[in-house]
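Under UniProt numbering, the first residue of the sequence shown is numbered 1, with each subsequent residue one higher. Note that CB positions come from ideal geometry on N, CA and C, so glycine has one too.
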Amino acid sequence: MQDFKTEGPDEQDDELYEHYSFTAGKGQEPLRVDKFLMNFIEKATRNKIQQAAKNGNIQVNGAVVKQNHKVKANDVVRVLFEHPPYEFLLTPEDIPLDIVYEDDTLLVVNKPAGMVVHPGHGNYSGTLINALIYHFDNLPENSSGRPGLVHRIDKDTSGLLVVAKTEEAMTHLAKQFFDKTSEREYIAIVWGNVEEDQGTVEGHIGRHPKNRMQNTVYEDGDQGKEAVTHYKVLERLGYVTKISCKLETGRTHQIRVHMKHIGHTLFNDERYGGDVILKGTTFTKYKQFVENCFKVLPRQALHAKTLGFEHPKTGEWLRFDSAIPEDMEACIEKWRSYAKHAME
């Protein structure tokens, strides 16, 4: 199955709201529409999809189809329901925010690990946006209809995000990210001893052809979008390495995908296979040590440490830095101690 793209949500059609839209890839073999959607909709059950078809809520190229309709290359498959998607039913929630900077144009927040940035399937409350719309009125919407959001980081990644408070700030900041003039530095712990002191990973990133929960690198450049990550070794800790990553582009899971691509999966990155022992010995004591590290840092070892951009109103260059969170520091210290004793 080839790559697919997700279309914009929330288009109204005869009082139905679009919840999903997928375009079948060029190499799509004929496949029943219910099976096609099972591949792409997270937590979907076949019964739900068949019920949607029975209710006339599945369309292919604008026409209502039954569950056994065969999807072919380049077909546009849409699923519509009578209620708006949950992510558009935004509810303000009194969630504390760690605001490191604020003026009348923008704010910079330090997001904790575990907080989802915006509502989506399975996460309809407790997100950064739920908090933002409680604390701030009339935030401008981005192109996806999300208030204040200029960019995002993954749920289990901690660190800095800039939020726009005006339309002008949204446009100006979004252009900086698009033009690659903003500065973004992440700190990560990766499996293995990264041989080169520094380097650059280039490779288009797109949806994994077999696992839609993952992205992957397409070296030929025919699929996915351009992605560039510059990395630098900060500390060698035996079977893991502490590194700095600077982004030229901001693709979904970019650092996680690029580092896995060069053989250095992020430590405890469950989605990309970093939550098992990838480097090291077979000793029971070592296995217990790594398990303890996983308990100390129960997420991927990634923190958005530094964020720099030009202020949309004053033109001043602003640069913010955040401390590495305690869970990540504790994990680094454990590896530091282990590496020291292993050398003795």
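Does the Cβ-Cβ distance between Glu239 and Lys279 come in under 9 angstroms?
Your numbering for residue 239 matches position 239 in the sequence shown. Your numbering for residue 279 matches position 279 in the sequence shown. The sequence as given places Tyr at residue 239; Glu does not occur at that position. Yes, the Cβ-Cβ distance between Tyr239 and Lys279 is below 9 angstroms.
Less than 6 angstroms between C-beta atoms, sequence neighbours within five positions excluded: which residues of the same chain meet that for Gly8?
Taking the first residue of the sequence shown as position 1, residue 8 is located at position 8. Its pLDDT being 30, under 50, Gly8 is placed unreliably by the model, and the measurement read from it follows with that caveat. Hits under 6 angstroms: none found.
Proximity winner among Leu90, Gly159, Lys285, relative to Leu307 (alpha-carbon distances)
Here residue 307 refers to the residue found at position 307 when the sequence shown is read from its first residue. When only C-alpha atoms are compared, the closest one is Gly159.
Have a look at the DSSP bridge pairing and note the partners of Ile187.
For the purposes of this step, residue 187 is taken as residue 187 along the sequence shown, with counting starting at 1. According to DSSP, Ile187 bridges with Ser244, His303.
My output table needs one value for Phe22: the three-state DSSP class, helix, strand or coil.
Taking the first residue of the sequence shown as 1, we reach residue 22 at position 22. Note: Phe22 maps to strand in three-state DSSP.
Strand pairing of Lys111, partner residues [DSSP]
Residue 111 sits at position 111 when you count from the first residue of the sequence shown. In DSSP, Lys111 forms a bridge with Gly159.
Quick one, which of Ala164, Lys242, Lys210 has its alpha-carbon nearest Asp197's?
By 1-based counting over the sequence shown, the position of residue 197 is 197. In this structure, Lys242 is the residue among Ala164, Lys242, Lys210 with its C-alpha nearest to the C-alpha of Asp197.
Which residues DSSP lists as bridging Ile99, in chain order
Here the question's residue 99 lines up with position 99 in the sequence shown. Partner(s): Val109.
Distance between beta carbons of Gln300 and Gly274, contact taken as under 8 angstroms:
Start at 1 with the first residue of the sequence shown, and residue 274 comes out as number 274. Start at 1 with the first residue of the sequence shown, and residue 300 comes out as number 300. Going by Cβ atoms, the distance from Gly274 to Gln300 rounds to 7 angstroms, so yes, they are a contact pair.
Residue closest to Lys72, alpha-carbon to alpha-carbon, out of Asp34, Ile277, Lys26, Thr265
Counting from one through the sequence shown, the residue named residue 72 turns up at place 72. The shortest C-alpha separation from Lys72 is found at Lys26.
Report yes if the CB atom of Leu106 is closer than 9 angstroms to the CB atom of Ala174, and no otherwise.
Within the sequence shown, residue 106 is the residue found at index 106, counting from 1. Within the sequence shown, residue 174 is the residue found at index 174, counting from 1. No. Outside cutoff.
Compute the Euclidean distance between the alpha carbons of Pro325 and Leu234, then round it to the nearest angstrom.
Position 325 of the sequence shown holds residue 325. Position 234 of the sequence shown holds residue 234. Going by C-alpha positions, Pro325 is about 17 angstroms away from Leu234.
Going by beta-carbon coordinates alone, are His118 and Leu139 separated by less than 9 angstroms?
Here residue 118 refers to the residue found at position 118 when the sequence shown is read from its first residue. Here residue 139 refers to the residue found at position 139 when the sequence shown is read from its first residue. No.
Between His311 and His135, what straight-line distance do the alpha-carbon atoms span, to the nearest angstrom?
In the sequence shown, residue 311 corresponds to position 311, counting from 1. In the sequence shown, residue 135 corresponds to position 135, counting from 1. When rounded, the distance between both Cα atoms is 22 angstroms.
Helix, strand or coil for Ala330 per DSSP?
The residue labelled residue 330 in the question sits at position 330 within the sequence shown. The three-state secondary structure of Ala330, taken from DSSP, is helix.
What's the C-alpha gap between Val109 and Lys180?
Here residue 109 is taken as the residue at index 109 of the sequence shown, counted from 1. Here residue 180 is taken as the residue at index 180 of the sequence shown, counted from 1. Distance between the alpha carbons of Val109 and Lys180: 21 angstroms.
Where does the unbroken alpha helix (DSSP H) through Val290 begin, and where does it stop?
Residue mapping note: residue 290 aligns to position 290 of the sequence shown, counting from 1. Taken as a continuous stretch (DSSP letters only), the alpha helix (DSSP H) holding Val290 covers 284 to 296.
By the 10 Å Cβ neighbour count, where 16 or more other Cβ atoms means buried, how is Val276 classified, buried or exposed?
Position 276 of the sequence shown, counted from the start, is the residue given in the question as residue 276. Counting Cβ neighbours within 10 Å, Val276 comes out exposed, since fewer than 16 surround it.
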